[in-house]
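Numbering-wise (this note's numbering), the sequence shown opens with residue 1 and increments by one.
For glycine and all other residues, C-beta sits at the position ideal for the given N, C-alpha and C.
Note that the coordinates shown come from a computational prediction; the quantities given were computed from them, not determined experimentally.
So the structure is just underneath, and the comments pick up after that.
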Amino acid sequence: MKKIFATALSALIMTSATAAGHHDMKVVNVGPSQTMVRIHASDNYLMLPVQESVDDSKVELLVNGRIVKTFYVRLANNEVDYSVPFDLRPYADENVVLRITAPHSQTVLNSALHAGEKNKRKELWLSDLKLTDTFDITNTEKYRPIYHHTPQYGWMNDPNGMFYKDGVWNLYYQWNPYGSRWQNMTWGHSTSTDLVNWEHHPVAIEPNDLGSIFSGSAAIDHNNTAGFGNDAVVALYTSAGDYQMQSLASSTDDGMTFENYADNPVITLPTEARDPNMFYNAETGLWNLVLAHALEKEILIFSSPDLKTWTLQSAFGKGLGARDGVWECPDLFELSLPSGEKKWMMIVNLNPGGPFGGSATQYFIGDFDGKTFTADTTPGGYVPTKWLDFGKDFYATVSWSDAPAGRRTAIGWMSNWQYADQVPTLQFRSANSLPREIGLFKAADGQIYASSMPSPELKKLRGAAYVNLTGVSINKTGRAIELPAANDGACEINLEIASSGNPVWLTLSNDKGDEAVMVYDPKTHLLSFDRTHSGVVDFNENFPALTVAPTFENNGKLGLQIFIDRSSIEVFEKDGKFSMTNLVFPNAPFNRLQVNTTAGNARLSRLAVYPLSLDNTK
Ligand code: FRU
């Protein structure tokens, strides 16, 4: 009996040593569904091979026999798409064991094929784990934007917890450090002093025993109301475990590291509620918090003297606005109209149910008394639904707290839940939109709308004008201009159209026959954007699309600012009256712009093209 056991044991370890090929790592299959990877190494990283199409394996990190971390990875079964690093540095001198539990599909396979032979499993990852000191994050992808914020690697969704302090714009984001699809929600962290050059920092908030770290906000506690110290940075996020609860964390090193509050959670509710967004209300001397009551499709408004004890004051939105999806990621702030009149703006992100399918950002303009938000109505008593952007790829939009000079700067996740995890990139998935300055204007219909202007810092990206024309007449044949080739065509196009009635077509194209087509129709006051033939569009049936924006008319005159950055096109009306954000995946950079009418004449009072590069900002 003893002898049989000893033989079996040596067979196991032998197999493991060969499979791993490294004397500091032993891989032992303990059953058809479970493997122990024992590491005692000086190396910095364990590289985990990922195959995106398989299900998640569960990875538990045991140090001295206790689980200190749990995460999920799509460990490769028969093909490796890419590898992700597991950082061993925090455990340098420890005996580390990763207990890996295979997904159900593989467990079933393993038990069926290898009943009783637990050391003969065949999944590729078992022989493809590697210890290494370096992990190369050099960009390897042609669709990674140049001047937009992206994660170094892995999946990103919502921007989170943005605050500005001492010249630094802090941006956190929903991040998966272990793959380019949604999982393991963690707050990644980047900072910038100019909103275009981003520096990446270690993870700010990691999943803990209350759950993974969903979206939330951060603010500076100038008066030490919470007792974490004067000017401590306080973050409020959703702990997503079996239930969604709101948790607090504080930072005394300007947002680099956070400590979770010992008495978390600070808010619990019987049904799904998430994405807390708080701000200090100087008028009441209390904190306010907006929280998405996701399935009820309403926004709960709380107040608190100390960020720890929250009192529910009211609920906004029942029966109002677009409601074909869940309500998420709210934001509430005050803005001034050019007349000086002050109004409050409530942002409510919605998924699905956006105007062009999938996710989108709606907002309401109204008044707020510290307890209740009341939306403005039309003269007929109706609360209109308003959209902050008229493309398919602008979601989870929220703003920076404490931005300088009274600015209200916001940023959105530049993707759509319909296809975000299928877009043709691998090393990373998703970028954030350009930062935008939010303002208000009153339109001819008497309603107040939000304006979105590209943040002024973006001007620093411009090189010398590549094209600079004034007073160009166009007709059916039109005018074609070449676009700059540097930086894969990253550029800004500024144009002013004057048309007494004829639609004007703007066609971006390349030598592969891909086209992104914008049409301005002065009669309907609409600008459309068609990406159905813009390159790679077949990864999801919802991707080929036409989006349409109202141009808030002005006698046939339309000024546009168009930003192109490898896989995105953002169109802004020159005063920010609308924006339109769409992804595109052309087979080669767009290198031509054709402007024409379908019949008759129109005029371009200005057409300027600037190549954009981060080099110009240095
Ligand atoms: C919005 C959202 C949030 C949630 C987060 C999870 O895109 O669904 O409501 O907190 O993503 O990653």
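query	result
Pocket of the ligand FRU defined by Cβ to heavy atom distance under 6 Å	157, 158, 174, 185, 214, 215, 238, 274, 275, 328, 329, 396
Runs of beta strand (DSSP E) wholly within the segment 298 to 363 (minimum 3 residues, chain order)	298 to 304, 311 to 316, 326 to 336, 342 to 351
Strand pairing of residue 240, partner residues [DSSP]	212, 244
Residue 148 vs residue 434 beta-carbon contact at 8 Å	yes
For residue 111 and residue 411, the rounded distance between their alpha carbons	48 Å
DSSP bridge partner residues for residue 159 (one or two, in chain order)	173
Burial state of residue 539 (16 or more Cβ within 10 Å)	exposed
Residue 121 vs residue 29 beta-carbon contact at 8 Å	yes
Residues that DSSP places opposite residue 497 in a beta bridge	558, 604
Cβ-Cβ separation, residue 325 to residue 346 (assumed contact under 8 Å), whole Å	At roughly 17 Å, the Cβ-Cβ gap does not stay under 8 Å, so residue 346 and residue 325 are not in contact.
Burial state of residue 328, where buried means 16 or more other Cβ atoms lie within 10 Å	buried
Through-space distance from residue 211 to residue 68, alpha-carbon basis	13 Å
Alpha-carbon to alpha-carbon, residue 501 and residue 588	34 Å
Sub-8 Å separation of residue 452 and residue 416 beta-carbons	no
DSSP-derived helix/strand/coil call for residue 38	strand
Residue environment, residue 514, which counts as buried when at least 16 other CB atoms sit within 10 Å	buried
Three-state class that DSSP yields for residue 410 in the structure shown	strand
Distance, residue 52 Cα to residue 21 Cα	For residue 21, the predicted structure reports a pLDDT of 41, less than 50, and the residue's modelled location is therefore unreliable. The matter cannot be settled from this model.
Best match in 286, 448, 426, 406 for proximity to residue 388 [C-alpha to C-alpha]	448
Close beta carbons around residue 342, own chain, < 8 Å, minus the five adjacent residues each side	334, 335, 336
Strand pairing of residue 611, partner residues [DSSP]	491
Simplified DSSP state of residue 618, which is helix, strand or coil	coil
Buried/exposed call for residue 189, threshold 16 Cβ in 10 Å	buried
Among 194, 151, 288, nearest to residue 202 - alpha-carbon criterion	151
Run of the beta strand (DSSP E) containing residue 128, from where it starts to where it stops	Segment 125 to 128 is the alpha helix (DSSP H) holding residue 128; no beta strand (DSSP E) there.
CB-CB length for residue 584 against residue 534, believed under 8 Å	4 Å
Residue 82 beta carbon less than 8 Å from that of residue 422	no
DSSP state of residue 592 mapped onto helix, strand, coil	strand
Same chain only: Cβ atoms within 6 Å of residue 466, ignoring 5 sequence neighbours per side	484, 609, 611
Residue 518 Cβ short of 7 Å to the ligand MN heavy atom set	Absence of the ligand MN is noted for the structure shown, with the ligand FRU being the only ligands found.
Buried versus exposed call for residue 108 [16 or more other C-beta atoms within 10 Å across all chains shown]	exposed
Under the three-state DSSP convention, the category residue 144 falls into	coil
Alpha carbon of residue 245 to alpha carbon of residue 383, nearest angstrom	30 Å
At least three beta-carbon pairs within less than 8 Å, the segment 44 to 59 to the segment 70 to 88	yes
Three-state class that DSSP yields for residue 367 in the structure shown	strand
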